[in-house]
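Peer 1: Okay, handing you the structure first.
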Amino acid sequence: MTEPAAETTVGVVAHRSRLRTTAETVLRNRLAVFGLVILVLLVLVALAAPLIAPYTINEVDVANRLQGPSSQHWFGTDELGRDVFSRVIIASRVSLQVGFVSVGIALGLGVPVGLIAGYYGGRIDSILMRLMDILFSIPAIVLAIAILAALGPDIVNAMIAIGVVYTPIFARITRGSVLTLRDAVFVQAARSIGASDLRIIGNHVFPNVIAPIIVQTSLSLAFAILAEAALSFLGLGVQPPNPAWGRMLSEGRAFFQQAPWMAIFPGLAIFATVFAFNALGDGLRDALDPQQRSIIESRGRS
Amino acid sequence: MTGFVVRRIGQMALALLGVSVIVFALIHFVPGDPVRTALGTRFDPDVYEALVRRHGLDRPLVIQYFSWLGSALQGDLGVSFRSGQPVTGLVLERLPATLTLAGAALAVALVVGVPLGVVSAVRSGSKLDYIASAVSQVGVSVPDFWAGIMYILLFSLTLGWLPPSGYVSPLVDFTGWLRHLVLPALAVGLVSGSIIFRFVRSAVLEALNQDYVRMARAKGLSRRAVLFDHVLPNAWIPIVTVVGLQLGFLLGGVVVVEIIFAWPGIGRLAYLAVGDRDFTVLQGSVLYIATMFLVINLVVDLLYAWLDPRVRYD
Chain A
1 MTEPAAETTV
11 GVVAHRSRLR
21 TTAETVLRNR
31 LAVFGLVILV
41 LLVLVALAAP
51 LIAPYTINEV
61 DVANRLQGPS
71 SQHWFGTDEL
81 GRDVFSRVII
91 ASRVSLQVGF
101 VSVGIALGLG
111 VPVGLIAGYY
121 GGRIDSILMR
131 LMDILFSIPA
141 IVLAIAILAA
151 LGPDIVNAMI
161 AIGVVYTPIF
171 ARITRGSVLT
181 LRDAVFVQAA
191 RSIGASDLRI
201 IGNHVFPNVI
211 APIIVQTSLS
221 LAFAILAEAA
231 LSFLGLGVQP
241 PNPAWGRMLS
251 EGRAFFQQAP
261 WMAIFPGLAI
271 FATVFAFNAL
281 GDGLRDALDP
291 QQRSIIESRG
301 RS
Chain B
1001 MTGFVVRRIG
1011 QMALALLGVS
1021 VIVFALIHFV
1031 PGDPVRTALG
1041 TRFDPDVYEA
1051 LVRRHGLDRP
1061 LVIQYFSWLG
1071 SALQGDLGVS
1081 FRSGQPVTGL
1091 VLERLPATLT
1101 LAGAALAVAL
1111 VVGVPLGVVS
1121 AVRSGSKLDY
1131 IASAVSQVGV
1141 SVPDFWAGIM
1151 YILLFSLTLG
1161 WLPPSGYVSP
1171 LVDFTGWLRH
1181 LVLPALAVGL
1191 VSGSIIFRFV
1201 RSAVLEALNQ
1211 DYVRMARAKG
1221 LSRRAVLFDH
1231 VLPNAWIPIV
1241 TVVGLQLGFL
1251 LGGVVVVEII
1261 FAWPGIGRLA
1271 YLAVGDRDFT
1281 VLQGSVLYIA
1291 TMFLVINLVV
1301 DLLYAWLDPR
1311 VRYD
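Taken in order, these protein sequences are the chains called A and B. Going by the numbering used here, the residue at position 59 of the first sequence is 59; the numbering climbs one at a time, nothing skipped. Numbers given in the numbering used here equal positions in the second sequence, counted from 1, plus 1000.
Next up, the structure:
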């Protein structure tokens, strides 16, 4: 856990320099920079996808079905002669969208729960955290499958399901950090001058627990994209004819021997995205979490 | 310790009760009428009436829940909407297959993750550490279901070494069973193994940098003695925690991988139930998976408390 209490009294200057230190540490980490570069490229590709894609996603060309990678079709064609490259890059939009929205839901639910539970403690804390434990006691993908089975397979429902599934992680991490601050001098000071709970939580507690939340956000984006891919793979996420990486993988299975590229390229796209978020998340953790950082630095000594 | 055990079992019972509410509520989240949805085009008013009455869906919700819970506690999870077979039987039939796959995957994960993590930490900065760390970074980012598909492509369809999917009972053909188990176990196990590797590596690295290790070295103990007597006993605690956390992830992976390899476990049962809109079977499968997960976590926590006395008094 981070221990930001010491830095908080120094004020704005310290805050700015901390931001700079963080950025410098992240930028020194080659893997994190690599992840960041992949992510920037991915977002650009996703934004410009309709302009970049050489074909439209549902351009059927049966005469050219199941063709291997070539100069016309970089990633080959599928069973209907559709261009796999175009479908992979268009599908990046939905993957990133599901990732961001579902992690947004998890943040929006989990962080307030963690703040309230950690700040007030006592019975509120027990009740909220036991609820989170219950959600946590069903493996994530199984809970998401169950929610989608009930709500019906659909992209919006998939975002809700993934968001709910990852809520407890944010609640736990936020609560854990708030607990270390609850009795900090600056919080007591704010209380003593009569600041409302809302003000204390919003202005004093929250800014100091943001570091672990940022780290968890990056790592959760990786998990959310994996979860969306798994759900689409199972036919519970994006519905045809819209392309999604997971769905393309499962469609590719039927043509495995004739056209392995149908399963290889969407899988590589999932891998690259997840890898990028993981690498960036690790870099952020090294920068924001002093304990982990000391481990990295200790490499030279041992 | 007894107090801790009792408290922890109480917590698990509470969580299980919560899970039962979620699982029960599942069927009532279905937009419209679950029985009508399940019957779909095969709708027949008589069958509909019988199913509604059989499942007590015409009674108030609270009464339905308690009667469902009462039956569930006695092992009766109702009958399949589709086939009419008892759900408990359907789930129990598939339990051994899921447990063997999960066990085999965990074995793969531990065999790969723990020794490599220890060696990487001890020789941190070496070429081996660098390669193992890079591979694990890849490992944590590979979707397990995609890995499964790639293994089939490579080891079954191209090289022809192992069967692409299916299951043989070990009682009928042990070698055949083992051959069918290898690829799905690798698909799930290597991803978890990568995560375990990273934690073991950092736990051991952290332990290596403690003052007592420096002290032990200063006393003149050999590197080996320091590692086995001082470093590893202290690194076990975070390792046990992460293995416990991994089990949930691993169970989730097993569910998806079972589908790819046509492995007749609970995950595949749940998946088929989703397609068939067979909500009672889905309820039963989710309940069993969650129970397994809770029991495993309980065991891990107790192990944790036994390893680290501080936990008991927390």
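Every residue gets a Cβ at the ideal spot worked out from N, C-alpha and C, and that includes glycine.
Among the residues of its own chain, which have a CB less than 8 Å from the CB of A1290 of chain B, if the five just before and after it don't count?
Peer 2: L1016, V1019 and V1023
Peer 1: Hey, quick one: how far does the alpha helix (DSSP H) through N278 of chain A stretch, first residue to last?
Peer 2: Element bounds for N278 of chain A: W261 to L288.
Peer 1: Assign L174 of chain A to one of two classes, buried (16 or more other C-beta atoms within 10 Å of its C-beta) or exposed (fewer than that).
Peer 2: It should be noted that the sequence gives Thr, not Leu, for residue 174 of chain A. Buried, since its Cβ has 16 or more Cβ neighbours within 10 Å.
Peer 1: Pick out whichever of B:L1302, B:A1305 and B:L1294 has its Cα sitting closest to the Cα of D133 of chain A.
Peer 2: B:L1294
Peer 1: Candidates A:P240, A:L131, A:L249 and A:V209: which alpha carbon is nearest L226 of chain A's?
Peer 2: A:L249
Peer 1: Which residues of chain A have a Cβ atom closer than 7 Å to the Cβ of F1145 of chain B, listed in chain order?
Peer 2: A230 and F233
Peer 1: S102 of chain A to M159 of chain A, Cα distance in whole Å?
Peer 2: 5 Å
Peer 1: I believe L1282 of chain B touches A1273 of chain B by the beta-carbon criterion, under 8 Å. Please report the beta-carbon distance rounded to the nearest angstrom.
Peer 2: 4 Å
Peer 1: Just to confirm my understanding: we take A229 of chain A, look at its own chain, exclude 5 residues before and 5 after, and list those with CB closer than 6 Å. What are they?
Peer 2: So the qualifying residues of the chain are W245, G246 and I270.
Peer 1: Let me confirm a value: I295 of chain A is counted as buried when at least 16 other C-beta atoms fall within 10 Å, else exposed. Which label applies?
Peer 2: Residue placement at I295 of chain A is poorly supported in this model, since its pLDDT is 41, which falls under 50; the coordinates still yield a value, given next. By the 10 Å Cβ count, I295 of chain A comes out buried.
Peer 1: In this structure, how does DSSP classify T77 of chain A when only helix, strand and coil are distinguished?
Peer 2: strand
Peer 1: Measuring alpha carbon to alpha carbon, tell me which of A:L128, A:Y166 and A:N208 ends up nearest A184 of chain A.
Peer 2: A:N208
Peer 1: Just mark S1080 of chain B as buried or exposed, buried being the case when its beta carbon has 16 or more other beta carbons within 10 Å.
Peer 2: buried
Peer 1: Measuring only the C-alpha atoms, how far is T1241 of chain B from V1300 of chain B?
Peer 2: In a straight line, the C-alpha of T1241 of chain B is about 7 Å away from that of V1300 of chain B.
Peer 1: Taking Cβ-Cβ distances shorter than 7 Å, what residues in chain A pair up with V1257 of chain B?
Peer 2: Per Cβ cutoff of 7 Å: no residues; V1257 of chain B is ~10 Å from chain A at best.
Peer 1: Using a threshold of 7 Å, state whether the C-beta atoms of V45 of chain A and I155 of chain A are closer than that.
Peer 2: no
Peer 1: Based on Cα-Cα distance, which residue from A:L284, A:F186, A:N29 and A:L31 lies nearest to S220 of chain A?
Peer 2: A:L284
Peer 1: So is H73 of chain A buried or exposed if we call it buried at 16+ other beta carbons inside 10 Å?
Peer 2: A residue is called buried once 16 or more other Cβ atoms fall within 10 Å of its Cβ, and H73 of chain A is buried on that count.
Peer 1: Using 10 angstroms around the beta-carbon of N157 of chain A, count the other beta-carbons present and answer buried if the total reaches 16, otherwise exposed.
Peer 2: By the neighbour-count criterion, in which 16 or more other beta carbons inside 10 Å mark a residue as buried, N157 of chain A falls on the buried side.
Peer 1: In the DSSP assignment, what residue or residues form a beta bridge with D83 of chain A?
Peer 2: Paired residues: A:T77.
Peer 1: From V111 of chain A to S1165 of chain B, what does the alpha carbon distance come to, in whole angstroms?
Peer 2: Going from the Cα of V111 of chain A to the Cα of S1165 of chain B covers about 43 Å.
Peer 1: Indicate the three-state DSSP secondary structure (helix, strand or coil) for P1115 of chain B in the structure shown.
Peer 2: helix
Peer 1: Could you spell out the range, first to last residue, of the alpha helix (DSSP H) harbouring R123 of chain A?
Peer 2: For R123 of chain A, the enclosing alpha helix (DSSP H) stretches over residues G122 to F136.
Peer 1: Measuring only the C-alpha atoms, how far is V1111 of chain B from S1126 of chain B?
Peer 2: 21 Å
Peer 1: To the nearest angstrom, report how far apart P1045 of chain B and D1058 of chain B are at their CA atoms.
Peer 2: 15 Å
Peer 1: Got a sec: does the ligand COA put a non-hydrogen atom nearer than 6 Å to the Cβ of G1248 of chain B?
Peer 2: As for the ligand COA, it is missing from this structure, which has no ligand bound.
Peer 1: At 8 Å on the CB atoms, spell out the chain A contacts of G1265 of chain B, in chain order.
Peer 2: The contacting residues do not exist; G1265 of chain B stays about 12 Å from chain A at best.
Peer 1: Exposed or buried, Q216 of chain A, counting other C-beta atoms within 10 Å across all chains shown (16 or more means buried)?
Peer 2: buried
Peer 1: Cβ closer than 7 Å: which chain A residues qualify as neighbours of V1286 of chain B?
Peer 2: I138, V142 and A146
Peer 1: Any beta carbon of chain A sitting closer than 7 Å to that of F1029 of chain B?
Peer 2: Interface with chain A (7 Å Cβ-Cβ cutoff): F1029 of chain B is included.
Peer 1: Quick check on the DSSP output: the alpha helix (DSSP H) that includes S1141 of chain B runs from which residue to which?
Peer 2: K1127 to S1141
Peer 1: Listing by chain order, which chain B residues have their CB less than 7 Å from the CB of R253 of chain A?
Peer 2: For R253 of chain A, the neighbours in chain B by C-beta distance under 7 Å run, in chain order, I1149.
Peer 1: Just mark Q1085 of chain B as buried or exposed, buried being the case when its beta carbon has 16 or more other beta carbons within 10 Å.
Peer 2: So Q1085 of chain B ends up on the exposed side.
Peer 1: Whole angstroms are fine: how far does the CA of L41 of chain A sit from the CA of P266 of chain A?
Peer 2: 16 Å
Peer 1: By how many angstroms is the C-alpha of I116 of chain A removed from the C-alpha of F1004 of chain B?
Peer 2: 27 Å
Peer 1: Is there a Cβ from chain A that is less than 7 Å from the Cβ of L1159 of chain B?
Peer 2: no
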